[in-house]
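Notes for the one structure printed next.
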Amino acid sequence: MRNFRLYLNRYKDKRGHELKLITQNYYIIALRSFLKYLAKRDIKTLAAEKLELPKTPSRQVVFLEGEDLQKLLSAPAKEETEILRLRDQAILEVLFSTGLRVAELSSLKRDLVNPKKEEFPVRGKGDKIRIVFMSERAREALRRYLNARNDNSPALFVRHNREKTDITDTAPLTPRTIQRVIKKYALLAGVSPDITPHTLRHTMATDLLTAGADLRSVQEILGHSSITTTQVYTHITNRHLKEIHKKFHGKFGKN
Numbered sequence: 101m102r103n104f105r106l107y108l109n110r111y112k113d114k115r116g117h118e119l120k121l122i123t124q125n126y127y128i129i130a131l132r133s134f135l136k137y138l139a140k141r142d143i144k145t146l147a148a149e150k151l152e153l154p155k156t157p158s159r160q161v162v163f164l165e166g167e168d169l170q171k172l173l174s175a176p177a178k179e180e181t182e183i184l185r186l187r188d189q190a191i192l193e194v195l196f197s198t199g200l201r202v203a204e205l206s207s208l209k210r211d212l213v214n215p216k217k218e219e220f221p222v223r224g225k226g227d228k229i230r231i232v233f234m235s236e237r238a239r240e241a242l243r244r245y246l247n248a249r250n251d252n253s254p255a256l257f258v259r260h261n262r263e264k265t266d267i268t269d270t271a272p273l274t275p276r277t278i279q280r281v282i283k284k285y286a287l288l289a290g291v292s293p294d295i296t297p298h299t300l301r302h303t304m305a306t307d308l309l310t311a312g313a314d315l316r317s318v319q320e321i322l323g324h325s326s327i328t329t330t331q332v333y334t335h336i337t338n339r340h341l342k343e344i345h346k347k348f349h350g351k352f353g354k355n
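Numbers in our numbering are just positions in the sequence shown, counted from 1, shifted up by 100.
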């Protein structure tokens, strides 16, 4: 086992890049699963419980607050081409409202998402189905975009050519294209250029938690298989609780 850990630690690909610690952990997790498989079949082997994962540095969560969030959500108004303006506004509002991963957003189909309804199913990681929810703003933005569409594509979000308006079938947006859309409006809004679709996912989760939502509910909305993944937001809720404590604690007897 020690040799396997050393191999992972020293491994380099053709470009000379080493494996990130989190990637090394994925290999060890896979090995543990294999050892459990062997144990279930009474094959003598190393106990999976003896394989401990090295601790990874806590991941920093980047999210938008207040004015910066509003600047980003309002940025598509600067787009001159109407169909692009409507599409991009809907993308931003739906991402912030649902907390979808970019791959989940790009795979959405029109027949599964009804702007008149507050919820719809989405297939996430591990092929698991979960229900996500749209705000009134998101539903209205999506309704305006879909009403302006004149194509037959089943995809919810598609490419639009600025020069052609009579297209009857259009390619769905790829995750990479959606990332470019978000970056474009981050720059136009004058917020951090490092904003990604995942930033809006973080922002939605942070918004829910600071408003009082419990961690387990946010886990289900985000589609995290483990509460441990959702706990990356704990420091945010701790900061919020600290502010609440500072604001309200010790007021008894002061009046």
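By construction, the Cβ of each residue, glycine as well, lies at the ideal position given by its N, Cα and C atoms.
Discussion item. Distance check for G226 and T123, CA to CA, integer angstroms please.
Written reply: In the sequence shown, residue 123 corresponds to position 23, counting from 1. In the sequence shown, residue 226 corresponds to position 126, counting from 1. Roughly 18 Å between the two C-alpha positions.
Discussion item. Using the Cβ count rule (16 or more neighbours within 10 Å means buried), how would you classify H117?
Written reply: The residue labelled residue 117 in the question sits at position 17 within the sequence shown. H117 is exposed by the Cβ-count criterion.
Discussion item. Going by DSSP, what residue range makes up the beta strand (DSSP E) through F220?
Written reply: One-based indexing of the sequence shown puts residue 220 at position 120. Taken as a continuous stretch (DSSP letters only), the beta strand (DSSP E) holding F220 covers 219–223.
Worksheet item: Which word fits M234, buried or exposed, when buried means at least 16 other C-beta atoms lie within 10 angstroms of its C-beta?
Response: Counting from one through the sequence shown, the residue named residue 234 turns up at place 134. It counts as buried.
Worksheet item: At which residues does the alpha helix (DSSP H) containing V258 begin and terminate?
Response: Counting from one through the sequence shown, the residue named residue 258 turns up at place 158. It is not in any alpha helix (DSSP H) - V258 carries neither H nor E in the DSSP assignment.
Worksheet entry | Simplified DSSP assignment, three categories, for E320 | Along the sequence shown, read from residue 1 onward, the residue named residue 320 stands at position 220. DSSP places E320 in helix when its eight states are reduced to three.
Discussion item. Threshold first: 3 residues or longer. Then list the beta strand (DSSP E) segments lying entirely within the segment 160–239, N to C.
Written reply: Correct list: 219–223, 229–233.
Discussion item. Assuming the contact rule is C-beta atoms closer than 8 Å, T306 and Y333 should be a hit. Round their C-beta distance to whole Å, please.
Written reply: To locate residue 306, count along the sequence shown from 1; it is residue 206. To locate residue 333, count along the sequence shown from 1; it is residue 233. Contact holds; Cβ gap of about 6 Å.
Item to complete: For the alpha helix (DSSP H) holding S363, just list the boundary residues, first then last.
Response: One cannot answer for residue 363 here, as it falls past the ends of the chain, which runs 101 to 355.
Worksheet item: Looking only at DSSP bridge pairs, what is E118 linked to?
Response: The count along the sequence shown starts at 1 and reaches residue 118 at position 18. Partner(s): K112.
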